[in-house]
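Have a look at the structure below before the remarks.
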Amino acid sequence: MSYDNSMAVNSNEEPRSLAVSDKLFNRNYLMLYQGQFVSRLGNAVYSLAIALWLKGVTDSGTVMGIFYAVTAFPLIAMSVIGGAVADRFSRKGIIVGTDVLNGLAMLALAGVLWMDYSQPVQIAAVFIVGIVASSLRAFFGPAANAAIPDLVPENRIEGANSMGKLSEKISQFFGSFSGAYFLGLLGLPLLVAINGITYLLSALSEGFIHIPQRIPEKTKGIKNYFHIFSEDIRQGLRYIRQNAGLKRLLYLSIGTSFFSTPVMILMVFYVTDFLKLSNEWFGYFLVIFGVGSLVGTILVSVFRVHGDSRKFFLILFLLLEAAGYLLLPYVTHYSQAMALAFFGGVMNGFSTISIFSLMQLTTPSKIRGRVFGALTTLSGSIAPLGMAMGGVLYDYFDHNIGIIYTISGLGMIFVILIVSSNRAFRKFIAYETPEQMGATGFRYTIKTVQRDQLLEQKERFIEEQFKKTRSQI
Numbered sequence: 125m126s127y128d129n130s131m132a133v134n135s136n137e138e139p140r141s142l143a144v145s146d147k148l149f150n151r152n153y154l155m156l157y158q159g160q161f162v163s164r165l166g167n168a169v170y171s172l173a174i175a176l177w178l179k180g181v182t183d184s185g186t187v188m189g190i191f192y193a194v195t196a197f198p199l200i201a202m203s204v205i206g207g208a209v210a211d212r213f214s215r216k217g218i219i220v221g222t223d224v225l226n227g228l229a230m231l232a233l234a235g236v237l238w239m240d241y242s243q244p245v246q247i248a249a250v251f252i253v254g255i256v257a258s259s260l261r262a263f264f265g266p267a268a269n270a271a272i273p274d275l276v277p278e279n280r281i282e283g284a285n286s287m288g289k290l291s292e293k294i295s296q297f298f299g300s301f302s303g304a305y306f307l308g309l310l311g312l313p314l315l316v317a318i319n320g321i322t323y324l325l326s327a328l329s330e331g332f333i334h335i336p337q338r339i340p341e342k343t344k345g346i347k348n349y350f351h352i353f354s355e356d357i358r359q360g361l362r363y364i365r366q367n368a369g370l371k372r373l374l375y376l377s378i379g380t381s382f383f384s385t386p387v388m389i390l391m392v393f394y395v396t397d398f399l400k401l402s403n404e405w406f407g408y409f410l411v412i413f414g415v416g417s418l419v420g421t422i423l424v425s426v427f428r429v430h431g432d433s434r435k436f437f438l439i440l441f442l443l444l445e446a447a448g449y450l451l452l453p454y455v456t457h458y459s460q461a462m463a464l465a466f467f468g469g470v471m472n473g474f475s476t477i478s479i480f481s482l483m484q485l486t487t488p489s490k491i492r493g494r495v496f497g498a499l500t501t502l503s504g505s506i507a508p509l510g511m512a513m514g515g516v517l518y519d520y521f522d523h524n525i526g527i528i529y530t531i532s533g534l535g536m537i538f539v540i541l542i543v544s545s546n547r548a549f550r551k552f553i554a555y556e557t558p559e560q561m562g563a564t565g566f567r568y569t570i571k572t573v574q575r576d577q578l579l580e581q582k583e584r585f586i587e588e589q590f591k592k593t594r595s596q597i
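Numbering (this note's numbering), first residue to last: 125 to 597.
This is the structure in structure tokens:
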């Protein structure tokens, strides 16, 4: 039986890419990139402004934790459905439609805020629109993630993901630098309205994209649709369950998500209350983390590590990122904290792009949407609990953020060490495409013997030994 790294994937029958262009910067990818970049700019300003606004009106870690938990839950719970939808319906239609609905939801929220309702009503509206936006991302994410490998050649997928990360980080830089300033200058209602307009502009750009896709034959009847979607979801879950390495990667994601989310949602308290800095510094910290993350994504794109090199650096960078979170409460000067933020960003950017590209490379195109949706649902299933617990414990420990960050860092290190000790996980993250294997010329074969052949050889050996003994006598 011949064995090579292609066995890291369970299905070799379906193509892993339907890309027709041999260039990374082809028209379809650039239109998707442009649309996402515009909406990300508006959303980056909105996200920072909402965090500062909630802290300003409530000054409660519990409220902040609950907000992030309830707005994350729809994305997590519905992504498995969104993945099945992305494989059965037009991915382009899903991408455009969700951006349009997001834009309209943001404009509606801006209207509520402009009406100057009471503070509880405004907070409730922010929660509701957050839930709506999260639900839409559950469909947008799997569709966009599944589309990218079909827009660019297989050997440029990591570059495409790095470019996507670049647009995300540039947007975050802009939002982090200017979010607090524009919140004070324009007010929350106008910022929310601008965010809604950017979503609509994004949808306009995405309307010109052509995404290659093999859409299954349409089914008649709601009952039949329900049966098909149920089977699609089970197929995505079955693919994960049968792939031992991917399953261990899922365990790693669940564990690290639980321990890392409190670090993220309490960062605004860390900057303003622990380090005693102004609101603007919260944005600066996000920028520094984003710059580090950008450096990490560039490292992936430039060096294109694969095989054992990817395995080594991925495990190392995951551990270093966790160690950085562990050290945050033990620094007292903002320069030291910003150095750790940059350091953590580099580690996070490298590991995120490496893992994401690995999953795209190893998953066939036909089931990529449902697999990504299932992974999002399962990996994020415990994140809302981590968010809520982080906020509640912050208030319970009388705003002692050092205790929470220490627990988070140690917990992440423990999870990473446990999962990385598994052979199937290490084998999976060392996956190489045939082109990558060809670059090294390395290939090996494992030969096996069937049971009948083994019995035949055993009988022949006994017979020979008997003849040898009889001749000696």
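C-beta: ideal position from N, C-alpha, C; glycine also.
Query	Result
Per DSSP, what kind of secondary structure is Met513 in: helix, strand or coil?	helix
So what's Lys147 in DSSP terms, helix, strand or just coil?	coil
Can you name the start and end residues of the alpha helix (DSSP H) that Ser300 belongs to?	Ile281 to Leu310
If distances are taken between C-alpha atoms only, which option among Leu423, Val470, Ala210 and His457 comes closest to Leu444?	Val470
Taking C-beta to C-beta, are Gly217 and Ser326 nearer than 7 Å?	no
Could you please give the first and the last residue of the uninterrupted alpha helix (DSSP H) stretch that includes Arg550?	Arg547 to Ile553
Measuring CA to CA, which of Phe552, Lys551, Met155 and Ala554 is closest to Glu330?	Met155
Can you name, in chain order, every residue of its own chain whose Cβ lies under 6 Å from the Cβ of Gly227, other than the five neighbours on each side?	Gly320, Tyr323 and Leu324
Whose C-beta lies closer than 7 Å to the C-beta of Ala201 among residues of the same chain, with five residues either side of it excluded?	Thr501
Could you check if Arg492 is buried or exposed, using at least 16 other CB atoms within 10 Å of its CB as the buried criterion?	buried
Using the rule of at least 16 other Cβ atoms within 10 Å of the residue's Cβ for burial, across every protein chain shown, is Pro244 buried or exposed?	exposed
Do Ala234 and Val169 have their C-beta atoms within less than 7 Å of each other?	no
Report the residue from Glu556, Tyr157, Ser171 and Ile357 whose alpha carbon sits nearest the alpha carbon of Ile318.	Ser171
Looking at C-beta atoms only, is the number of pairs between the segment 531 to 542 and the segment 449 to 457 that lie closer than 8 Å three or more?	yes
Note down the Cα distance separating Ile597 from Arg547, rounded to an integer number of angstroms.	Legend: pLDDT at Ile597 = 48, less than 50; position of this residue unreliable, no value from coordinates given.
Report the three-state DSSP secondary structure of Asp432 (helix, strand or coil).	helix
Is the CB-CB distance between Gly360 and Ala262 below 7 Å?	no
If you compare alpha carbons, which of Ser544, Gly283, Ala267 and Tyr241 is closest to Lys147?	Gly283
Three-state secondary structure (DSSP) at Tyr241?	coil
Please state whether the Cβ-Cβ distance between Gly407 and Gly515 is less than 7 Å.	no
Among the residues of its own chain, which have a CB less than 8 Å from the CB of Ala268, if the five just before and after it don't count?	Leu156, Gln160, Arg215 and Ile219
Using CA atoms only, rank isn't needed, just tell me which of Ala229, Tyr394, Ser295 and Arg338 is closest to Pro313.	Ala229
Restricting to runs no shorter than 4 residues, where is the alpha helix (DSSP H) found entirely within the segment 422 to 482?	432 to 451
Is DSSP giving Asp356 helix, strand or coil here?	helix
Can you give me the Cβ contacts of Val415 inside the same chain, cut-off strictly under 8 Å, excluding the 5 residues immediately before and after it?	Lys293, Phe297, Phe466 and Gly469
Using the Cα positions of Gly473 and Asp211, report the straight-line distance between them to the nearest angstrom.	28 Å
Using only the alpha-carbon positions, how far apart do Gly299 and Lys551 sit?	39 Å
How is Arg362 classed by DSSP in three states: helix, strand or coil?	helix
Measuring straight from C-alpha to C-alpha, what distance separates Gly265 and Phe251?	21 Å
Pick helix, strand or coil for Ser184, following the three-state DSSP scheme.	coil
Can you tell me where the alpha helix (DSSP H) with Ser505 in it begins and where it stops?	Unbroken run through Ser505: none, as it is neither H nor E.
Rounded to whole angstroms, what is the Cα-Cα separation between Ser489 and Gly254?	31 Å
Looking at the unbroken alpha helix (DSSP H) that takes in Ile333, where does it start and where does it end?	It is not in any alpha helix (DSSP H) - Ile333 carries neither H nor E in the DSSP assignment.
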